[in-house]
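Visitor:
If you want it as C-alpha cells, here you go:
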C-alpha cells in the first residue's frame, strides 16, 4: 500500500513477505536423484509458509550426507559432530524459547552413533522438529551397512549381505517415555511429505519424522521397486492425522484408518513396515511434559535477585 | 602406655601454646568422621585460625567395616596463621577402630609421638578374634611410638543416645574442642547449623554429646593446647574448592551448568543445586558426558556461555566436542576436577594428570585457554575470569582443579559479588552484515560472533575447516590461515600476562615449579628450607595455556629447575631408565619443550596431596643438606 518500504521509517516493521529465496543458501551438493533435495525444498517451503524469521531459525545437524543440510539454508545452522545433533539442539533450545529449532539427522547419525542421545531427546520432548533422513545406508563414507539396512543388504562391510535385522526407528521411538509425535513419510511422495513436515512443525513438543529416503547411488536396487510399486505404500489416515485432500489421497491404493492418540495401536501399525511402507502420523500427544518449559521457566531473573540469591548462599559459608 | 584409667585431677593440666596442629579423625564409612572434622575446621575458622581440611575417602560408599581399605575420615590442620596445605604428619589422631589406622599408617600419616585416641570398646568385644586384632594392633602402635589413649567412647555416648554410632562424632568433636581450646559457644552454634534441618531433639542430643565429650577430656586427659588466632576484622567465608567453583559459576552469571555425575566433580553441582534457579540459571543433568558438553556448546552457541563440570574420564569422552568448540570458536567454560588416572584410576584421589590431555588431547592443532587455581579462593574467582576469557577470546577455557582442592576447606575473604561480573544479556541487535562470522583480526585472530536472533548474522557453524564466512574450505590455504588465527588468540592473551612471582630469591641453587593445588605445600617447604639456609625458590604457574611469559629468564637464574607434580615420572636410577628414555612428569615435559632447558621433575602418584615433608626430603637429597629436624 502506498509503496512504503519497511525501512522508510524508524519503527521496527515485521519482515512481511519472506520468499523461498530468503531461506535458500548455496546450491545443494547432494547427488542428483538424492531424496534429500525434495526434503530441502519442502522445508524451505515450510519456512516461507510459516514466515519463520531466518534469524530465529536454527538447523542443527550431525555428520553424514543429510547433515550438510544447514549449509543450504540461509538461517542459523550448526553442523556439528557425528551423532551429536540432539544434545546441541537441546542446548540451543533450552533457554531460547523464541528460536525455531530443527534437527537434521540420518540413520547412522541417529540410530547408531547417536542412539543414546536419540532416546533421551525423545524423553526431553523439547519443542523442535526432528527429520530423520533414512536411506538405510552410510552414503558419505561410501556404502556401509546402516542400522536400518534391511537384513541381506549388500554393502562394503557385508558383501555377502548384512546379517542382523534392522532397527525400526518408528517402533523404537514409540517405545520411549514421553514420546509425543511420531510420523513417517517418503521423499518421493512430496505432497504427503510436506503435509507431514507441516504437522510436525505445528506440534508443541519434539516431532520425530522419519523420512524414507532414496539413495540412488548406493541403494538403487533397494528403492527402485518400492518407488515404482503402487502397492508398496500404506497411508495412515485419520482426521487428526496428516492431512491429504481427496485428490491426493485417491492416488494411494492402500489407506487404513489409524487414530494417532492410540499408542498401543500405533505400535502395531509400526510393524507394518515389514510388508509395506506405512506413511502418516503414528502417534501424537500434546499434553506431555516439555523439558524446554523447565529450561525457560526462570528466564529474566534480575541482577538484584541474582545477587540476593548468591549472597544468601554465601552467608552459609560465612565465619 | 597411657590409658583412660589414669584419671587426672581436673585443673592440673596446663595449656601449651601451639603454632599449628594437625588432627585426623578416622573411622569406618558412615560414622560421621568427616562431619566431625569439618565442624572442627569451621569452628577454628570462625575463631579466626588458619585452617585447611582434607577428606580421607574410600572409593566405595560402604566398604567393609574395620578394614584397612575402608578408612574414611578427615584431616584438619589448624594454625595461628593462614594454612595452605595439609601439612606433614598428624599430631593427633582419633580412631574409632584400630584397623582403619593401618591404611593411614601406610601413607605415613603419623610419626613417633603422635597422640592416638582410640575407641576401646574393641578390647572387650564378644568376638575373640576382634579382641585379638585390637590387642595386636595396639602392640604395633606402641612400637611405632604413638602416645596411646584408650577411650571408652561408646560407653560414654550410650549415656546420652541409644545409637552410639550416630552420636560418637559429636562427642569426639567435644573432646577435640577441649584438647585444642576451641570456644564452646562457637561449637554449639556449629552444631545448630549442621543439624539445622533436623528435629530439636536431635540438635539437643548432639549438643549434649558435645558437652559430654568436652567434659570427659577436661576430667580425663592431660592433653590441653591452644592455638591463638590472629585477630582480623575481614569478613571471611569457609568452604571447599567445589563449593567455591559452584559459587563462582553463579557469580559469573552463567545460566547453564551441564553435567553428568562423576567423582570428584559432582559435589560442585550439589553445592549450587538449591540456589542456581533463583540465581537465574539451571543445572542440566545430561544423559552422558558427551551430551553434557554438547548441550553446553549448544547453549553457548545460542548466546550465553555455559559451563560443564567433569573429571578425567569425562574429559576423555568430551574430547571430540572440545575440538569442535576450538574449531568453531564457541565460548565455553570446562571445569576439570582432576583425579587419579588413567582409565577409572583413583576416583577419589588426587593427581594432576589431565594437563597434557587437555592441552593436546584433541586431534589436530586445538589451542585452548587453560588456567589453574591454586587455592580455594582462586577456585571461586577463576570461574569468573574463565567466562570472561571464553567470551573475549571466543574459545573454550579449561579450569583445572583437583580432588585436593575439591574437598580441601580453607577460609578466605568473603568476595564482594558485583553485578558486572554477570554475563551480559544476549545481544539481539541487528548484525552488521559487512562483518563476517569469522572476521579474524589480522593481529590477534579474534573475531566477533553473531548469535541466533541477530538479524543479518545468519551463518552455519561447522566443525569442518572453514573460511571467514564459515563456508566449508575447499582451498587448502584457508585451513592454514584459520589455524594461524586460532593459534594467534593464545599469543594475544599471552601478551597481556605478567611473569610469575618468584617465592624466595630471584636466583639460587634450586627452583621448584608447580601448578594447581600444590602451591601451599611447595611454598611452605621452600620457606622451611630457606630458614635452614637452603638456596631454593619456587614459582607457581596459574596460566598453563598460554603460558605466563618470562619463564626461561627466571629458570636461567637457577642452577637447577625442577617441577613438583602429583604425576607419574620414571625414577632415575632404575636399570631400565636412562636420560634418553626417561618419561618425565607432565609439566616437566611441557616446560622442557617450552624452554629447551633440562628441567627435572619430582613427582609421584600415591594419590595423596603433596606434603611439605616429602618435598623437603627431596630437597635434602638435591641440595645435600639437612633440612628436616
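Chains as they are written, first to last, in our numbering: chain A, 1 to 319; chain B, 320 to 948.
All C-beta atoms in this analysis are idealised placements derived from N, C-alpha and C, irrespective of residue type, glycine included.
1. So, do the region 410-423 of chain B and the region 362-373 of chain B have three or more beta carbon pairs nearer to each other than 8 Å?
2. Does residue 860 (chain B) come out as helix, strand or coil in the three-state DSSP assignment?
3. Residue 927 (chain B): buried (16+ other C-beta within 10 angstroms of its C-beta) or exposed?
4. Would residue 149 (chain A) and residue 166 (chain A) qualify as a contact pair, given that the criterion is a beta-carbon distance under 7 Å?
5. Comparing alpha-carbon positions, which option in A:246, A:241, A:251 and A:236 lies nearest residue 229 (chain A)?
6. Could you confirm whether any beta carbon from chain A is found closer than 7 Å to the beta carbon of residue 862 (chain B)?
7. Anyone know if the C-beta pair for residue 324 (chain A) and residue 113 (chain A) falls short of 7 Å?
8. State yes or no: is the beta carbon of residue 322 (chain B) nearer than 7 Å to at least one beta carbon in chain A?
9. Which same chain residues end up closer than 8 Å to residue 708 (chain B) when comparing Cβ atoms and leaving out the 5 residues on each side of it in sequence?
10. Check the Cβ of residue 609 (chain B) against every Cβ in chain A and list those closer than 9 Å, keeping chain order.
11. Taking the alpha carbon of residue 414 (chain B) as the reference point, which residue from B:710, B:343 and B:555 has its own alpha carbon closest?
12. At 8 Å on the CB atoms, spell out the chain B contacts of residue 99 (chain A), in chain order.
13. Using a C-beta cutoff of 7 Å, does residue 317 (chain A) count as contacting chain B?
14. Considering only residues of the region 126-206 of chain A, which uninterrupted beta strand (DSSP E) runs meet the minimum length of 3 residues and lie entirely inside it, listed in chain order?
15. Kindly say whether residue 74 (chain A), judged by its beta-carbon, lies nearer than 7 Å to any beta-carbon of chain B.
16. Can you name the start and end residues of the beta strand (DSSP E) that residue 214 (chain A) belongs to?
17. Determine the chain A residues that contact residue 780 (chain B) at a beta-carbon separation under 7 Å, and present them in chain order.
18. Go through the region 66-98 of chain A residue by residue and report every complete run of the beta strand (DSSP E) that reaches 3 residues or more, in order.
19. Of the choices B:445, B:647, B:678 and B:722, whose alpha-carbon is the least far from that of residue 669 (chain B)?
20. Quick one: using the 10 Å Cβ neighbour count with 16 as the cut-off for buried, is residue 551 (chain B) buried or exposed?
21. Would DSSP call residue 2 (chain A) helix, strand or coil?
22. Identify, in the order they occur along the chain, each residue of the same chain with its Cβ nearer than 8 Å to the Cβ of residue 324 (chain B), setting aside the five sequence neighbours on each side.
23. What are the boundary residues of the alpha helix (DSSP H) that residue 361 (chain B) is part of?
24. So with Cβ pairs under 7 Å, would you call residue 96 (chain A) a contact of chain B?
25. Let me confirm a value: residue 852 (chain B) is counted as buried when at least 16 other C-beta atoms fall within 10 Å, else exposed. Which label applies?
26. Taking only beta-carbon atoms, is residue 397 (chain B) less than 7 Å away from chain A?
27. Work out the CA separation of residue 784 (chain B) and residue 382 (chain B) for me, nearest whole Å.
28. Residue 424 (chain B) by DSSP, collapsed to three states: which one?
29. So, do the region 633-641 of chain B and the region 677-687 of chain B have three or more beta carbon pairs nearer to each other than 8 Å?
30. If residue 905 (chain B) sits next to residue 671 (chain B), beta carbons under 8 Å apart, how far is it from one beta carbon to the other, in whole angstroms?
31. If you draw a straight line from the alpha carbon of residue 272 (chain A) to that of residue 266 (chain A), how long is it in whole angstroms?
32. Use the C-beta contact count for residue 533 (chain B): other C-beta atoms within 10 angstroms, 16 or more gives buried, fewer gives exposed.
33. Just checking residue 837 (chain B) against the ligand NAP - is the residue's beta carbon closer than 6 Å to any of the ligand's heavy atoms?
34. Return the chain-ordered list of same chain residues with a C-beta closer than 6 Å to the C-beta of residue 778 (chain B), the five sequence neighbours on each side being excluded.
35. Relative to the C-alpha of residue 75 (chain A), which candidate in A:20, A:242 and A:316 has its C-alpha closest?
36. Bridge partners of residue 879 (chain B), per DSSP?
Guide: Looking at the coordinates:
1. Contact fails: fewer than three Cβ-Cβ distances are below 8 Å.
2. Residue numbering aside, residue 860 (chain B) sits at position 541 when the second chain is read from its first letter. Three-state DSSP puts residue 860 (chain B) in a strand.
3. Translated into positions along the second chain, residue 927 (chain B) becomes position 608. Residue environment for residue 927 (chain B): buried (at least 16 other C-beta atoms within 10 angstroms of its C-beta).
4. Locating residue 149 (chain A) in the first chain gives position 149, counting from the first residue. Locating residue 166 (chain A) in the first chain gives position 166, counting from the first residue. In contact: residue 149 (chain A) and residue 166 (chain A) (Cβ atoms closer than 7 Å).
5. Taking the first chain and counting its residues from 1, the one referred to as residue 229 (chain A) is at position 229. In terms of Cα proximity to residue 229 (chain A), the closest of A:246, A:241, A:251 and A:236 is A:251.
6. The residue given as residue 862 (chain B) occupies position 543 in the second chain. For residue 862 (chain B), no Cβ of chain A is located within less than 7 Å of the residue's own Cβ.
7. Because chain A in this structure spans residues 1 to 319, residue 324 (chain A) falls outside the shown range and cannot be described.
8. Working through the second chain from its first residue, we reach residue 322 (chain B) at position 3. Residue placement at residue 322 (chain B) cannot be trusted, given a pLDDT of 38 that sits under 50; what the coordinates show is reported in the next sentence. No, residue 322 (chain B) does not count as interfacial toward chain A.
9. Residue 708 (chain B) sits at position 389 when you count from the first residue of the second chain. Once the five neighbours on either side are set aside, the close Cβ partners of residue 708 (chain B) are 688, 690, 714, 716 and 812.
10. Position 290 of the second chain holds residue 609 (chain B). Proximity of chain A to residue 609 (chain B) at the Cβ level (cut-off 9 Å) is accounted for by 81, 83, 84, 87, 116 and 117, in chain order.
11. Mapped onto the second chain, residue 414 (chain B) falls at position 95. The candidate whose alpha carbon is nearest that of residue 414 (chain B) is B:343.
12. Residue 99 (chain A) sits at position 99 when you count from the first residue of the first chain. Residues of chain B whose Cβ lies closer than 8 Å to the Cβ of residue 99 (chain A) are, in chain order, 621, 771 and 772.
13. The count along the first chain starts at 1 and reaches residue 317 (chain A) at position 317. Yes, residue 317 (chain A) counts as interfacial toward chain B.
14. Fully enclosed beta strand (DSSP E) runs of 3 or longer: 128-134 and 181-186.
15. Position 74 of the first chain, counting from 1, holds the residue named residue 74 (chain A). So yes, residue 74 (chain A) belongs to the interface.
16. As a working note, residue 214 (chain A) is residue 214 in the first chain. Following the DSSP letters along the chain, one finds residue 214 (chain A) in no beta strand (DSSP E), marked with neither H nor E.
17. Position 461 of the second chain, counted from the first residue, corresponds to residue 780 (chain B). Result: 77, 78 and 79.
18. Counting only runs of 3 or more, we get 76-79.
19. Mapped onto the second chain, residue 669 (chain B) falls at position 350. Checking every option, the nearest Cα to that of residue 669 (chain B) belongs to B:722.
20. Numbered from 1 along the second chain, position 232 holds the residue referred to as residue 551 (chain B). In summary, residue 551 (chain B) is exposed, with fewer than 16 beta-carbon neighbours lying within 10 Å of its beta-carbon over all protein chains present.
21. For the purposes of this step, residue 2 (chain A) is identified with residue 2 of the first chain, where counting begins at 1. Bear in mind that a pLDDT of 49 at residue 2 (chain A), under 50, signals an unreliable position, so the number given afterwards is only what the model happens to contain. Residue 2 (chain A): coil per DSSP, three-state reduction.
22. On the second chain, position 5 is the one that residue 324 (chain B) refers to. The predicted model places residue 324 (chain B) with a pLDDT of 36, which falls under 50 and marks its position as unreliable; any figure quoted below should be read in that light. Cβ-Cβ distances below 8 Å link residue 324 (chain B) to nothing in the same chain once the five nearest sequence neighbours on each side are left out.
23. On the second chain, residue 361 (chain B) is found 42 positions in, with the first residue counted as 1. That run of the alpha helix (DSSP H) goes 352-366.
24. Sequence index remark: in the first chain, residue 96 (chain A) carries index 96 (1-based). The beta carbon of residue 96 (chain A) falls within 7 Å of a beta carbon belonging to chain B, placing the residue at that interface.
25. As a working mapping, residue 852 (chain B) is identified with position 533 in the second chain. It is exposed - the Cβ of residue 852 (chain B) has fewer than 16 other Cβ atoms within 10 Å.
26. What you label residue 397 (chain B) is simply residue 78 of the second chain in a count that begins at 1. Interface criterion not met: the Cβ of residue 397 (chain B) is under 7 Å from no Cβ in chain A.
27. The sequence position of residue 382 (chain B) within the second chain is 63, counting from 1. The sequence position of residue 784 (chain B) within the second chain is 465, counting from 1. Residue 382 (chain B) and residue 784 (chain B) have their alpha carbons spaced roughly 51 Å apart.
28. For the purposes of this step, residue 424 (chain B) is taken as the residue at position 105 of the second chain. Reduced to three states, the DSSP call for residue 424 (chain B) is helix.
29. Cβ pair count under 8 Å is three or more, so yes.
30. Residue numbering aside, residue 905 (chain B) sits at position 586 when the second chain is read from its first letter. Residue numbering aside, residue 671 (chain B) sits at position 352 when the second chain is read from its first letter. That pair is a contact at about 7 Å.
31. Here the question's residue 272 (chain A) lines up with position 272 in the first chain. Here the question's residue 266 (chain A) lines up with position 266 in the first chain. If I take the Cα positions, the gap works out to 10 Å.
32. Stepping through the second chain from its first residue, residue 533 (chain B) is reached at position 214. For residue 533 (chain B), the number of other beta carbons within 10 angstroms of its own is at least 16, and it is reported as buried.
33. With respect to the ligand NAP, the structure shown offers nothing to examine, as it has no ligands at all.
34. To locate residue 778 (chain B), count along the second chain from 1; it is residue 459. Excluding sequence neighbours, residue 778 (chain B) sits near 756 and 789.
35. Locating residue 75 (chain A) in the first chain gives position 75, where the first residue counts as 1. Measuring from the Cα of residue 75 (chain A), the nearest candidate turns out to be A:20.
36. Translated into the one-based positions of the second chain, residue 879 (chain B) becomes position 560. Partner(s): B:829.
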